[in-house]
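S.K.: Submitted below is the structure of interest, expressed as C-alpha cells.
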Amino acid sequence: MIRKITIAIIIISFVFGCQSNVKKRKMEIEDWVPITLRARGLGVSPPTSNEAIAKRNAEVSAKKDAIEMLLEQVSEVSINDTETVGYFMSQDEKIRSRVEAYVKGAKVIEKKYNKDGSVEIEVEIVLGSKFREIFP
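Each residue of the sequence shown is one higher than the last, beginning at 28 in the numbering used here.
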C-alpha cells in the first residue's frame, strides 16, 4: 500500500512539475522584449577594369562585414539570467546555425558609396519572439 502511494506521489509531482515548466517557458517567450540592433560594415574591392564589378564586390564585402559585426552583438544578448546567445551557440551547433541564418536575414537600411571606391552598409535586425524561440 505504501509503495502504491509513493508511486502515485511521484507521478503527480512529475506531472505538475512538467506543467509548471511549460507555463514558465511560454511566459519567458511572451515576456521577451524585442531588441533592435544595428551594425555598419565597410567593403573595398581589389582594383579591376570593370567599375560595376568592383562596386558589387565592395557591396558584398561591406554587407559581410556588417553581418559579422551584428553577429558579435547578438552573441552578447542575454537569453536568461545566466546565459547569453553566445553561450548557447558554443554549446549547440544547431542553435549556432539557426542564429547565423536569422542574422543573415538582417535588413540593409543604408548604403554609402565613398569617393575612394569603398562602400559602407548599415544593417538592422529585430530580435523578437521568433528569435527567442530558437533557445531552450
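Backbone N, C-alpha and C define an ideal beta-carbon position, used for all residues, glycine too.
How long is the line joining the alpha carbons of residue 75 and residue 102, rounded to whole angstroms?
M.R.: Residue 75 and residue 102: Cα-Cα distance of roughly 36 Å.
S.K.: If contact is defined by three or more beta carbon pairs under 8 Å, each pair taking one atom from either stretch, is the stretch 110 to 126 in contact with the stretch 135 to 145?
M.R.: Because the criterion of three Cβ pairs below 8 Å is not met, the stretch 135 to 145 and the stretch 110 to 126 do not touch.
S.K.: What separation, rounded to the nearest whole angstrom, lies between the Cα atoms of residue 156 and residue 60?
M.R.: Distance between the alpha carbons of residue 156 and residue 60 is about 8 Å.
S.K.: Since residue 147 contacts residue 69 with CB under 8 Å, what's their CB separation in whole angstroms?
M.R.: Contact flag correct, Cβ pair sits at about 5 Å.
S.K.: Is the beta carbon of residue 145 sitting closer than 7 Å to the one on residue 87?
M.R.: Result no, Cβ atoms of residue 145 and residue 87 do not sit closer than 7 Å.
S.K.: Classify residue 108: buried if its beta carbon has 16 or more other beta carbons within 10 angstroms, exposed otherwise.
M.R.: When all chains shown are included, residue 108 counts as exposed.
S.K.: Would a C-beta distance cut-off of 7 Å place residue 93 and residue 67 closer than the cut-off?
M.R.: Contact flag set, yes.
S.K.: Within this structure, are the beta carbons of residue 154 and residue 100 separated by less than 7 Å?
M.R.: Cβ distance not < 7 Å, so residue 154 and residue 100 don't count as in contact.
S.K.: In terms of alpha-carbon separation, which member of 152, 105, 143, 78 lies closest to residue 163?
M.R.: Nearest C-alpha to residue 163: 105.
S.K.: So residue 146 is in the beta strand (DSSP E); what residue range does that whole segment cover?
M.R.: Counting along the chain, the beta strand (DSSP E) containing residue 146 begins and ends at 146 to 154.
S.K.: Are the Cβ atoms of residue 161 and residue 125 separated by less than 7 Å?
M.R.: Closer than 7 Å, so yes.
S.K.: In this structure, how does DSSP classify residue 80 when only helix, strand and coil are distinguished?
M.R.: Note: residue 80 maps to helix in three-state DSSP.
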